[in-house]
Amino acid sequence: MKTLSYDIVNFFEKQGFSIVSTLDLEGKIHCAAKGIVGIEKQGKVFLIDLYKAETFKNLKINPTISITSVDEHLFMGYTLKGKAKIVDRDKIKSHIIKAWEERVIKRISKRVIKSIKDYKKSGHHPEAKFPHPEYLIEVDVEDVVDLTPAHLKKIPR
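Just so it is clear: in the sequence shown, position 109 is 738 by my numbering, and no numbers are missing.
Structure representation (structure tokens):
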């Protein structure tokens with residue numbers, strides 16, 4: 630496992646979601662949005678998956694995974710590459726489920742507050758209709774790719 634810097638951990642904790650890429654039987658890339666529910670400096674990432682679909686099938690045959698997040702305003706991002714294992718729903722630790730539920734509540738709250746600030750009436754809150762997590766993806770990070778353009782790395786943020 631690769632140790633992650635404070636900046637990388639902090640960056641991923643602030644993201645609403647990440648793009649997770651896996652490989653199918655033919656070696657074709659599959660990408661899906663997933664919520665990070667935890668990330669550790671020691672190089673572990675925990676992702677909640679709400680559906681047992683393509684990502685699940687792919688990880689069953691090939692544990693290779695990458696997790697990408699970008700901040701378009703800062704023009705920076707990272708890809709974490711590694712190996713994943715599937716943790717069945719009944720083996721997910723309660724603090725991880727609680728962290729996921731807190732993230733969902735936070736997302737709904739942000740959406741409601743933004744609607745109020747923008748004077749928009751909206752009963753559309755997709756997060757409120759999320760199903761319970763089907764399983765957890767536990768990733769051991771092996772490599773980090775900094776997606777920030779070289780000339781911007783010198784600019785203090």
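Ideal Cβ placement from N, Cα and C applies to all residues, glycine included.
All of these numbers come straight from a predicted model, not from anything done at the bench.
- Bounds of the alpha helix (DSSP H) holding E642 are Y635 to K643.
- Taking the Cα of V770 as reference, the smallest distance to any Cα among L781, T693, K727 and F704 is reached at T693.
- For M630, the closest alpha carbon among the candidates G711, I677 and L676 is that of G711.
- Between the region 771 to 778 and the region 673 to 684 there are fewer than three inter-stretch CB-CB distances shorter than 8 Å, so the stretches are not counted as touching.
- By the beta-carbon neighbour count (other beta carbons within 10 angstroms, threshold 16), I690 is exposed.
- The alpha carbon of T697 has as its nearest neighbour, out of L654, I721, I665 and D747, the alpha carbon of I665.
- Each of T777, P778 and K714 was checked against the Cα of F675, and the nearest Cα belongs to K714.
- Contact annotation, S647 with C660: C-beta distance approximately 10 Å; criterion of less than 8 Å not satisfied.
- Taking a 10 Å sphere around the C-beta of T684, we find 16 or more other C-beta atoms and assign the residue as buried.
- Around the CB of P778, fewer than 16 other CB atoms lie within 10 Å, so the residue is classed as exposed.
- Our two residues, L652 and M705, have alpha carbons roughly 25 Å apart in a direct line.
- A residue is called buried once 16 or more other Cβ atoms fall within 10 Å of its Cβ, and N639, having fewer, is exposed.
- Short of 7 Å from the beta carbon of N687, and not among the five residues preceding or following it, lie these beta carbons of its own chain, in chain order: T651, L652, D653 and H659.
- If you look at E683, you'll find it isn't in any beta strand (DSSP E); it sits in the alpha helix (DSSP H) that goes E683 to I690.
- Under a 10 Å Cβ-count criterion, G645 is classified as exposed, with fewer than 16 other Cβ atoms of the shown protein chains found around its own Cβ.
- By the CB criterion at 8 Å, V716 and Y764 fall inside the cutoff.
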